[in-house]
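Numbering (this note's numbering), first residue to last: 151 to 413.
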Amino acid sequence: MKFASNHRIRIFALIGIFLVSFTTAAIADVVIVKAKGTKANGVFAHFSVFANDQELGKKYTNCAFEEYSFNLPFPTEEIREVKIKFDNDLTLGEEDRNLFVCSITIGNLPTINTMKGTAKYFFQNGKEQEYHGMMGRNGTLVIDISAIRFCPDNVVLSSQAQINAFNYHCIKGSLTISGNDIVDLSPLAVLTSIKGPLNIKENPKLVAVSGMDALVEISFLSITNNPLLERIDGFNSMQKCGGIMVSGNERLKTIKCFHTPNL
């Protein structure tokens with residue numbers, strides 16, 4: 151059964167490689183904003199997009215999420231910051247005009263989920279408001295691309311504090327998670343790609359491996375010698391994985407990942 155499961159994963163890997171190559175060519179030098187709006191007085195929410203403070207264009211939304219494309223006047227590599235400005239807020243009786251932005255995609259960078267701590271929302275008066283997916287008043291959503299673009303080669307996370315501070319979307323090499331006080335991996339939810347292996351080992355307090363649902367590819371997954379580990383779930387977006395090794399986890403009861411219940 152393990153062989154059959156790994157075999158299916160390798161098939162998904164081939165499909166994933168093809169799709170990524172195709173998509174990258176299609177969205178080069180373009181910013182794509184996925185948004186929707188509500189309307190008041192018959193007019194939907196309207197927004198403008200800026201890259202490095204240069205306006206790229208304006209769009210009216212609709213009642214359903216759509217992808218709005220804006221051409222970049224310079225290479226993707228030069229982007230430092232993207233701003234999305236909501237400028238026609240209106241409340242009229244029971245009608246309330248709002249803007250909802252759930253993600254942006256810039257060139258061949260990983261899609262950025264704006265509801266996972268990657269965006270800051272500022273009212274017109276400059277006051278910052280916690281962003282939960284809706285812009286309820288005129289203001290600006292700011293995404294710092296320079297912090298997101300950088301992908302380190304190899305990363306070792308040896309404490310919960312390091313995991314909490316993690317803010318990379320990709321890793322060019324390997325990721326090793328091993329520390330005496332590590333109990334929660336959910337801050338790694340921003341991570342989409344690990345080109346090398348993912349090693350989760352020798353974490354004496356870790357009870358669950360979960361929360362890594364945005365991860366699309368890793369070269370190899372190894373989960374070993376975590377004495378209190380009881381369950382492995384998540385990895386629901388995984389398309390490419392070269393192999394899996396799970397061993398030395400005495401209390402492990404449940405493995406639910408890769409949409410493969412018999413893995």
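All residues carry an ideal CB built from backbone N, CA and C; glycine is no exception.
Just grab the DSSP bridge partners of residue i for me.
{"i": "Tyr318", "result": "According to DSSP, Tyr318 bridges with nothing at all."}
{"i": "Lys184", "result": "Glu217, Ser253"}
{"i": "Thr264", "result": "Its beta-bridge partners do not exist; DSSP assigns none."}
{"i": "Ala358", "result": "Arg381"}
{"i": "Lys270", "result": "Val292"}
{"i": "Ile327", "result": "Leu307, Ile350"}
{"i": "Ile405", "result": "Ile382"}
Just tell me which of the options has its CA closest to the CA of residue i.
{"i": "Ala269", "options": "Ile254, Glu245, Asn330", "result": "Ile254"}
{"i": "Met362", "options": "Leu325, Leu378, Gly283, Lys233", "result": "Leu325"}
{"i": "Asn399", "options": "Gly286, Ala358, Cys391", "result": "Ala358"}
{"i": "Ser190", "options": "Leu206, Asn248, Pro223, Val181", "result": "Note on identity: in this sequence residue 190 is Ala, with Ser being the wrong assignment. With distances taken between Cα atoms, Ala190 lies closest to Asn248."}
{"i": "Asn221", "options": "Ile350, Ile295, Phe200, Asn317", "result": "Phe200"}
{"i": "Asn375", "options": "Met395, Asn386, Phe385", "result": "Met395"}
{"i": "Lys233", "options": "Leu206, Ser372, Cys320", "result": "Leu206"}
{"i": "Asp203", "options": "Asp294, Thr188, Glu216", "result": "Asp294"}
{"i": "Val181", "options": "Arg230, Arg287, Gly192", "result": "Arg230"}
{"i": "Cys301", "options": "Arg381, Leu240, Asn317", "result": "Asn317"}
{"i": "Phe370", "options": "Pro377, Lys403, Ile350", "result": "Ile350"}
{"i": "Val193", "options": "Val183, Lys184, Lys209", "result": "Lys209"}
{"i": "Gly138", "options": "Thr261, Pro354, Val305, Gln274", "result": "Because the chain spans 151 through 413 in this model, residue 138 falls outside it and cannot be assessed."}
{"i": "Pro223", "options": "Phe250, Glu245, Gly257, Phe215", "result": "Gly257"}
{"i": "Ala311", "options": "Ser328, His196, Asp303", "result": "Ser328"}
{"i": "Gly384", "options": "Pro225, Val292, Arg401, Leu335", "result": "Leu335"}
{"i": "Ser308", "options": "Glu227, Ile332, Met285", "result": "Ile332"}
{"i": "Gly283", "options": "Ser387, Ile262, Glu228", "result": "Ile262"}
{"i": "Asp246", "options": "Asn288, Glu227, Tyr281", "result": "Asn288"}
What first and last residue would you give for the beta strand (DSSP E) that runs through residue i?
{"i": "Gly323", "result": "Note, Gly323: premise wrong, no beta strand (DSSP E); not H, not E."}
{"i": "Pro347", "result": "347-351"}
{"i": "Gln204", "result": "204-210"}
{"i": "Gly289", "result": "289-294"}
{"i": "Ser198", "result": "196-201"}
Looking at the structure shown, is residue i part of a helix, part of a strand, or coil, going by DSSP?
{"i": "Ser308", "result": "coil"}
{"i": "Glu244", "result": "coil"}
{"i": "Val340", "result": "helix"}
{"i": "Ile177", "result": "Any reading at Ile177 must be qualified, since the residue scores a pLDDT of 36, below 50, and its modelled position is unreliable; the value itself is stated next. Ile177 falls in the coil class under three-state DSSP."}
{"i": "Thr226", "result": "helix"}
{"i": "Ile167", "result": "At Ile167, the pLDDT of 30 sits below 50, so the modelled position is not reliable; the number obtained from the coordinates is stated separately. Of the three classes helix, strand and coil, the one that applies to Ile167 here is helix, per DSSP."}
{"i": "Ile313", "result": "helix"}
{"i": "Lys189", "result": "strand"}
{"i": "Met284", "result": "strand"}
{"i": "Glu400", "result": "coil"}
{"i": "Lys146", "result": "Since the first and last residues shown for the chain are 151 and 413, residue 146 lies out of range."}
{"i": "Leu371", "result": "strand"}
{"i": "Lys235", "result": "strand"}
{"i": "Cys391", "result": "strand"}
{"i": "Asn376", "result": "coil"}
{"i": "Val366", "result": "coil"}
Is there a Cβ of chain C sitting closer than 9 Å to that of residue i, yes or no?
{"i": "Val359", "result": "Although the question refers to chain C, the structure presented lacks it and comprises just one protein chain."}
My understanding is that residue i touches residue j, with C-beta atoms under 8 Å, so please give their C-beta distance in whole angstroms.
{"i": "Leu379", "j": "Leu356", "result": "6 Å"}
{"i": "Ser296", "j": "Lys235", "result": "Going by Cβ atoms, the distance from Ser296 to Lys235 rounds to 20 Å, so no, they are not a contact pair."}
{"i": "Ala185", "j": "Phe273", "result": "About 18 Å separates the two Cβ atoms, so there is no contact after all."}
Considering only heavy atoms of the ligand NAP, does any lie closer than 8 Å to the CB of residue i?
{"i": "Val181", "result": "The ligand NAP is not among the ligands present in this structure, which contains no ligands whatsoever."}
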